[in-house]
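What follows is a short report on a single structure.
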Amino acid sequence: MAVAELAERPVAVRAYLGTLLPDEVRPRTFEVICIRAGEANGLVYAPSVLRRSVEEGLWRNVTVFANHAGPLDDGRPGGRAIEDVVGVLSEARWAGRAVMGVLACRGPKADLVTRLAEEVLAAQERGEVGPNIGLSADMYVERRPGAREVDRIVRVNSLDVVYNPAAGGAFLRVLNGGRGEGWMEELREDMVEEQDLEQEGMQVGLALERSRQALASQCSYLLETALRGSSLPQPFQDEVRQQFGGKIFRPEELDRTLQSKQATWAKLVEGQVVRGVGGRMSMRDELDRVRLAAERLFGLPVPEDALSIPRLSGIRELYLLLTGDEGFHGRAYPERAQLANATTSTMTAVTADVLNKVMLQAYNRRERWWEPIVTNRDLERFQEMKMIRTYGFSALSTVIEGNVYTEKTWGDLQETAEIIKKGNYVGVTLEMIMADDLEAVRALPQLLGTAAWNTVSDAVATMFTANGGTGPLMSDEEQLFAEAHDNLGTTALDVDTFDAAQTAIMTQTDPGSSRPIAVPGRYLLVPVQLRSTAMVIRNSIHKPGGEEGEINPWYDGFEVLVVPPWTDADNWALATDPNVAEHVVLGWLQGRREPEIFAAAEDTIGSMFTHDEMRVKVRFFICCGVADYRGLYKANVT
Numbered sequence: 004m005a006v007a008e009l010a011e012r013p014v015a016v017r018a019y020l021g022t023l024l025p026d027e028v029r030p031r032t033f034e035v036i037c038i039r040a041g042e043a044n045g046l047v048y049a050p051s052v053l054r055r056s057v058e059e060g061l062w063r064n065v066t067v068f069a070n071h072a073g074p075l076d077d078g079r080p081g082g083r084a085i086e087d088v089v090g091v092l093s094e095a096r097w098a099g100r101a102v103m104g105v106l107a108c109r110g111p112k113a114d115l116v117t118r119l120a121e122e123v124l125a126a127q128e129r130g131e132v133g134p135n136i137g138l139s140a141d142m143y144v145e146r147r148p149g150a151r152e153v154d155r156i157v158r159v160n161s162l163d164v165v166y167n168p169a170a171g172g173a174f175l176r177v178l179n180g181g182r183g184e185g186w187m188e189e190l191r192e193d194m195v196e197e198q199d200l201e202q203e204g205m206q207v208g209l210a211l212e213r214s215r216q217a218l219a220s221q222c223s224y225l226l227e228t229a230l231r232g233s234s235l236p237q238p239f240q241d242e243v244r245q246q247f248g249g250k251i252f253r254p255e256e257l258d259r260t261l262q263s264k265q266a267t268w269a270k271l272v273e274g275q276v277v278r279g280v281g282g283r284m285s286m287r288d289e290l291d292r293v294r295l296a297a298e299r300l301f302g303l304p305v306p307e308d309a310l311s312i313p314r315l316s317g318i319r320e321l322y323l324l325l326t327g328d329e330g331f332h333g334r335a336y337p338e339r340a341q342l343a344n345a346t347t348s349t350m351t352a353v354t355a356d357v358l359n360k361v362m363l364q365a366y367n368r369r370e371r372w373w374e375p376i377v378t379n380r381d382l383e384r385f386q387e388m389k390m391i392r393t394y395g396f397s398a399l400s401t402v403i404e405g406n407v408y409t410e411k412t413w414g415d416l417q418e419t420a421e422i423i424k425k426g427n428y429v430g431v432t433l434e435m436i437m438a439d440d441l442e443a444v445r446a447l448p449q450l451l452g453t454a455a456w457n458t459v460s461d462a463v464a465t466m467f468t469a470n471g472g473t474g475p476l477m478s479d480e481e482q483l484f485a486e487a488h489d490n491l492g493t494t495a496l497d498v499d500t501f502d503a504a505q506t507a508i509m510t511q512t513d514p515g516s517s518r519p520i521a522v523p524g525r526y527l528l529v530p531v532q533l534r535s536t537a538m539v540i541r542n543s544i545h546k547p548g549g550e551e552g553e554i555n556p557w558y559d560g561f562e563v564l565v566v567p568p569w570t571d572a573d574n575w576a577l578a579t580d581p582n583v584a585e586h587v588v589l590g591w592l593q594g595r596r597e598p599e600i601f602a603a604a605e606d607t608i609g610s611m612f613t614h615d616e617m618r619v620k621v622r623f624f625i626c627c628g629v630a631d632y633r634g635l636y637k638a639n640v641t
């Protein structure tokens, strides 16, 4: 059984020219295309459906308004404001796979729309491009559940004059005395009679030439308008432009070519045969513009050439724009949404994309104190990370002339660490959207980004504080910081204990060897309370607390890293440059070093159905371990 649904159908109005009436003639009447057969907003309108709507008189005397109904029209009697009335549609007819009609401008906004339409048509006559205005139909339609094909148009509520209609539409022409004959047929008849007219004199010949030029200008405008409203990549647009540019053609010919190119492009994208055709494109489709407007709404930077995109008033307007859910039922109405090709997942996809960028902005805003001391590894599989250290290559053997090379004996040690999945979800409730609580929604991804930053920070900091400050258990059955490893101290931080820690690291050796690694500690890790002490040791030319004139041997010879998670005000640590002597290792599953946001896309199941909320999930796979104890020193002060 067919289900009645409310649909707003962006109209594909093509731009053609006619003769302008004198300014004093009022009311102005324009020939327009109300709707064309084809696909829009994810729905398919067959020619038979549109023809039937004309036969049933659904387009007769339809009121025309300026702009779409907005949130302020909710609850208004009739759903529209009388001050937005432009005029009325009459003489609706089916022609050329489109519903056409005559718009008579009568109403508070009639003069505004008349001026705009006349400027557009005058610009076309001069071969220029005017303001991009057109029409959008507000209708009730019937279609089978889950089907994209519209079975019947039940009622036409209104036509709306809008900027940048979804299909790139425009007015056809100004009518003289309400005449509604087809412009293309008239001009073609003029050209057929050219031979007879030329005999009447040069003046008639010049008039015909002007008609020919006008027709060529109209076709050129039609071509550019159609290409601008298409989603074809630039190379495909160039092919169409080469085929029709500078020529006189019928609109049906261009339609067939565009449909063929669209079908070809869809097959290539579906089969992943062509990627990124045409390189970078400056043109943006409607969804791109909405994404950029949403990013701007959430405080994200946008490209300079996108600053002209109108701002959104809040999260409520974004929701209505993408879902068409004017009654706030918690589900999407793609046929009502003001975005072309909107689907049930458009709102969640756009929201997840924008929230992900806000989260990453928060995640990357704070300095990652751990970056200088860790080694990053990309993990291809969800398996424990293996950190293998070889030894036995302290020096090469001497080879005497004429003798054979001797095999070098070596060994290896292996440390492991498990991959851990981190994550949570937060809910964007329907009440938050209805209340237009932008600040609350904006705060959610920022909090998630901060939580992700804390997750990595805690993972690295825990390597130094686990098990009472001795760190994780190593493969030799000793804790990371242990007397057996000669890297554990108990004295408070000063220049002498710092020097002792440096000596302990530099005298570390390979197993079975007495050769010291001789690599000094590069980074002094301290809690917030010890930062001043650490900076004094680093920045003092003379030894703090030493004899007068005694030189500080560690002046400007290391870097200080404050570790926010450390709560003990006295403990400190020292670490080498990991590029010279590796120790702490961070593993990232499939190279993803930043958290990701996901959002549920269904509105009839899950949390949207049971809790009236769209749940946003953040997920993070992280692995942290220690490959080698020799580059680390820890002081657990007693």
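For the sequence shown, our numbering gives the first residue as 4, with consecutive numbering after it.
Backbone N, C-alpha and C fix where the C-beta goes; we use that ideal spot for every residue, glycine too.
- Gly472 and Tyr636 do not touch by the CB rule: their CB atoms are close to 12 Å apart, not below 8 Å.
- Straight across, the Cα-Cα distance linking Glu42 with Glu145 is about 15 Å.
- Per DSSP, the unbroken alpha helix (DSSP H) holding Arg292 starts and ends at 289-300.
- DSSP, read as helix, strand or coil, puts Asp154 in strand.
- Membership of Asp513 in any alpha helix (DSSP H) is not indicated, and neither H nor E is assigned to it by DSSP.
- DSSP, read as helix, strand or coil, puts Lys620 in strand.
- Exclusion of the five residues before and after Leu416 leaves Arg392, Ser478 as the residues of its chain whose Cβ lies within less than 7 Å of its Cβ.
- The beta carbon of Gly548 is closer than 8 Å to those of Asp497, Val498 in its chain, skipping five residues each way along the sequence.
- The shortest C-alpha to C-alpha distance from Phe174 to any of Glu131, Glu121, Val619 is the one to Glu121.
- In the DSSP assignment, Thr432 forms a beta bridge with Glu616.
- Here the alpha carbons of Ile423 and Gly524 stand approximately 29 Å from one another.
- Under the three-state reduction of DSSP, Ser93 is assigned to strand.
- Counting along the chain, Tyr366 sits inside the alpha helix (DSSP H) bounded by residues 349-368.
- Taking 7 Å as the cut-off, the beta carbon of Val243 is found no closer than this to the beta carbon of Val377.
- At the C-beta level, Leu528 and Leu564 come within 7 Å of one another.
- For Ile38, the enclosing beta strand (DSSP E) starts and ends at 32-39.
- Look at Leu310 here: in three-state DSSP terms it is coil, with no helix or strand label.
- Shortest Cα-Cα distance from Gly452 to any of Ala464, Tyr428, Ile436, Ala438 involves Tyr428.
- Cα atoms of Leu476 and Leu300: separation of roughly 49 Å, rounded to the nearest angstrom.
- Pairing Arg518 with Arg445, the inter-Cα distance amounts to about 57 Å.
- It is roughly 43 Å from the alpha-carbon of Thr267 to the alpha-carbon of Lys425.
- The beta-carbon distance between Ser161 and Val67, rounded to whole angstroms, is 7 Å. This is short enough to meet the 8 Å contact definition.
- Contact annotation: Val621 and Thr579 have beta-carbon atoms that are not nearer than 7 Å.
- Following the DSSP letters along the chain, one finds Leu382 inside the beta strand (DSSP E) bounded by residues 377-382.
- With a contact defined as Cβ atoms closer than 8 Å, Ile520 and Gln511 qualify at about 5 Å.
- The C-beta of His488 has 16 or more other C-beta atoms within 10 Å across all chains shown, which makes the residue buried.
- At the C-beta level, Ile38 and Val89 stay beyond 7 Å of one another.
- Beta-bridge partners assigned by DSSP to Leu564: Leu528.
- In the DSSP assignment, the residues bridged to Tyr166 are Ile136.
- In chain order, Ala69, Asp87, Val88, Val89 place their CB closer than 7 Å to the CB of Lys112, counting only its own chain and leaving out the 5 sequence neighbours on each side.
- Around the CB of Val629, 16 or more other CB atoms lie within 10 Å, so the residue is classed as buried.
- Between Tyr526 and Pro375, the C-beta gap is smaller than 7 Å, which places the two residues in contact.
- DSSP, read as helix, strand or coil, puts Leu447 in helix.
- In this structure, the alpha-carbon of Val539 lies about 26 Å from that of Val463.
- Cα atoms of Leu399 and Trp413: separation of roughly 12 Å, rounded to the nearest angstrom.
- In the DSSP assignment, Thr66 falls within the unbroken beta strand (DSSP E) covering 66-69.
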